[in-house]
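The structure appears right after this line, and notes come after that.
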Amino acid sequence: MIGQRLHGTDGIRGIISECNDSENPIEKLILQREISPSLMRVIGFATGSVIIEQGGGGNPPLVVIGWDRRNGNDKLVSSLQAGLQEAGCVIQLVGELPTPGLHHCLLLLEADAGMMVTASHNPATDSGVKLFDKDGYKSMPPLEDLISVHAWDYVSQNKTEPSFQPSESQELPLFDGLRAYRKHLKGWLNILSTTLGVDVDSMGDSIYSQGLILDCSG
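Position one of the sequence shown corresponds to residue 1 (our numbering), numbered consecutively onward.
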């Protein structure tokens with residue numbers, strides 16, 4: 001089991017749970033398909049370490065984090081952020097939004113990577129995380145294998161509950177990612193209306209309603 005890759009066909013997913021200090025969060029993912037805050041910290045540190053290694057030095061990498069509306073995602077996001085910061089990344093939270101919105105914010109903010117805390121169409125009891133590179137592409141198996149190696153190393157050193165405290169410069173003020181994504185969609189609707197003659201006036205303000213956010217809280 002040791003060294004087994006953590007990612008599936010589309011990120012890492014599992015049932016939202018807790019993990020006590022005596023348990024190995026990676027083993028709980030592999031054997032019981034459970035996602036815990038402890039695991040997310042491990043994933044954050046491992047992912048951040050790989051991003052830094054591949055960045056070639058220079059300024060600390062900027063990672064944007066978004067999430068959907070699932071019970072328990074607040075703890076998962078906080079732990080993911082802590083792990084990334086421990087690795088040396090700067091974090092930009094973009095709030096609750098759909099995955100395409102996270103993708104838009106990643107490109108808009110010219111970040112080095114984006115991470116979306118979600119389990120897509122899985123049940124509301126599940127969550128997980130997807131990784132996107134600086135160009136907006138989903139992570140590929142070779143990169144995920146490197147992240148898995150770092151994750152196993154991190155756990156083997158019993159660092160799942162470190163005392164690390166990030167500096168103030170490692171977290172930027174919350175960016176309203178949903179608002180930015182709505183503006184982006186509105187721009188495309190205007191293009192459709194102008195160039196293709198598509199009538200979107202009858203939609204009114206419905207495109208901006210909160211009801212368009214997928215509610216994954218059950």
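Each residue gets a CB set at the ideal place from its N, CA and C atoms; glycine is no exception. From a predicted model like this one, the values you see are computed outputs, not experimental measurements.
- Nearest C-alpha to G66 among E27, A180 and L6: A180.
- About 6 Å separates the beta carbon of V129 from that of I43, a gap short enough to meet the 8 Å contact definition.
- Closest by C-alpha distance to L106, out of Q157, D145, N158 and L62, is L62.
- Between the region 79-90 and the region 165-173 there are three or more inter-stretch CB-CB distances shorter than 8 Å, so the stretches are counted as touching.
- No Cβ-Cβ contact shorter than 8 Å links S156 with R5.
- In its chain, beyond the 5 residues on either side, V64, G66, C105, F175 and G177 have a beta carbon closer than 6 Å to the beta carbon of V94.
- I30 and D126 have their C-alpha atoms spaced approximately 14 Å apart.
- Pairing D135 with A113 gives a Cβ-Cβ distance that is not under 8 Å.
- If you look at S127, you'll find it in the beta strand (DSSP E) that goes D126 to D133.
- Per DSSP, M115 is one residue of the beta strand (DSSP E) stretching across A113 to V117.
- Every unbroken stretch of the beta strand (DSSP E) spanning 3 or more residues and falling wholly within the region 58-90 is given here in chain order: 62-67.
- R13 carries a strand assignment under DSSP once its states are collapsed to helix, strand and coil.
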